[in-house]
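Going down the list, the protein sequences come from chains A and B.
Taken in order, the first sequence gives residues 578 to 693; the numbers are from my numbering.
Taken in order, the second sequence gives residues 5 to 116; the numbers are from my numbering.
Each residue gets a CB set at the ideal place from its N, CA and C atoms; glycine is no exception.
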Amino acid sequence: GAGVSQSPSNKVTEKGKDVELRCDPISGHTALYWYRQSLGQGLEFLIYFQGNSAPDKSGLPSDRFSAERTGGSVSTLTIQRTQQEDSAVYLCASSLAIAGGLNIQYFGAGTRLSVL
Amino acid sequence: RKEVEQDPGPFNVPEGATVAFNCTYSNSASQSFFWYRQDCRKEPKLLMSVYSSGNEDGRFTAQLNRASQYISLLIRDSKLSDSATYLCVVTPEKSSGDKLTFGTGTRLAVRP
Numbered sequence: 578g579a580g581v582s583q584s585p586s587n588k589v590t591e592k593g594k595d596v597e598l599r600c601d602p603i604s605g606h607t608a609l610y611w612y613r614q615s616l617g618q619g620l621e622f623l624i625y626f627q628g629n630s631a632p633d634k635s636g637l638p639s640d641r642f643s644a645e646r647t648g649g650s651v652s653t654l655t656i657q658r659t660q661q662e663d664s665a666v667y668l669c670a671s672s673l674a675i676a677g678g679l680n681i682q683y684f685g686a687g688t689r690l691s692v693l
Numbered sequence: 005r006k007e008v009e010q011d012p013g014p015f016n017v018p019e020g021a022t023v024a025f026n027c028t029y030s031n032s033a034s035q036s037f038f039w040y041r042q043d044c045r046k047e048p049k050l051l052m053s054v055y056s057s058g059n060e061d062g063r064f065t066a067q068l069n070r071a072s073q074y075i076s077l078l079i080r081d082s083k084l085s086d087s088a089t090y091l092c093v094v095t096p097e098k099s100s101g102d103k104l105t106f107g108t109g110t111r112l113a114v115r116p
């Protein structure tokens, strides 16, 4: 079956513009995560959606970042008034989130964002 | 101190060599442990989960030492295709959900 799908694969934008990144998780996966990977850095957690629960936004670096997940499936990460330091690869992952289970996360190929 | 620490490498080894990577984590309440592999400009992919009893998958062996907060990955009989960055990954305490905390990765280059 299809894996985690992200679009666009590459995005070049000008400083100050807003961008929207999309993630389509694996069908049936109730948990969805956003991470980002900056050049030479490890992956950094941003936000986590689990079913109908309130999302865990503890990793969002500023109020310019927001995300939503509609209908428990597709998620959009929005970055407002982009800055050059926002340039990174934004990765989405999903998992089955079985209570008490080992929840393996499967990653999409990412969106490479470049802010000029 | 970083939550998950790894030697960045690179480890440059000949084909057929045995190589070991280590990782330490700071949160003693961490729940789950994994090794992911990331090829250049690609997404991370799960290599194996790590259990307290140690586990093996073909040429790969993972060990967890909770007392020392230490995880290891051993690769035997290295292949050219093993060249990649190996990410040590930890799930924090249960109340944090399943968000992953990643080390910065250890780069492996296997030469002919």
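Give me whichever residues DSSP pairs with residue i in a beta bridge.
i	result
B:LYS49	B:ARG41
B:THR65	B:GLU60 and B:LEU78
B:ASN16	B:ALA113
A:GLN657	Partner(s): none; A:GLN657 has no beta bridge.
A:ARG646	A:SER652
A:LYS588	A:LEU690
B:THR105	B:VAL94
B:GLY36	The question names Gly, yet the displayed sequence has Ser at residue 36 of chain B. In DSSP, B:SER36 forms a bridge with B:THR95.
A:TYR683	A:SER671
A:PHE582	Strictly speaking, residue 582 of chain A in this sequence is Ser, with Phe absent from that position. Note: A:SER582 sits in a beta bridge opposite A:ASP601.
A:ASP633	A:TYR625
Around the Cβ of residue i, are there at least 16 other Cβ atoms within 10 angstroms (buried) or fewer (exposed)?
i	result
B:PRO116	exposed
A:ALA631	exposed
B:TYR74	exposed
B:ASP43	exposed
B:SER112	A small correction: the amino acid at residue 112 of chain B is Leu; Ser does not occupy that position in the sequence shown. By the neighbour-count rule (16 or more Cβ atoms within 10 Å), B:LEU112 is buried.
A:GLU591	exposed
B:LEU84	exposed
B:GLU47	buried
B:TYR90	buried
A:PRO602	buried
A:LEU623	buried
B:PRO123	No answer is possible for residue 123 of chain B: the residues shown for chain B start at 5 and end at 116.
A:LEU693	exposed
A:SER604	exposed
B:ASP86	buried
B:ASP102	buried
B:GLY107	buried
B:SER34	buried
A:ALA644	buried
A:SER671	buried
What residue range is occupied by the uninterrupted beta strand (DSSP E) comprising residue i?
i	result
A:GLU621	620–627
A:ASP601	596–601
A:GLN614	608–614
B:ALA88	88–95
B:GLN129	The structure shown does not extend to residue 129 of chain B, since chain B is modelled only from 5 through 116, so no value can be given for it.
A:SER672	665–672
B:VAL23	23–29
Requested in this report: Give the residues from the region 663–691 of chain A that approach chain B closer than 7 Å (Cβ to any Cβ), ordered along the chain.
Outcome: LEU668, SER672, ALA674, LEU679, ASN680, ILE681, GLN682, PHE684, GLY685, ALA686 and GLY687
Report task. Quick one: which residues of the region 598–624 of chain A get their C-beta closer than 7 Å to a C-beta of chain B? List them in chain order. Result -> Answer in chain order: ALA608, TYR610, GLN618, GLY619, LEU620 and PHE622.
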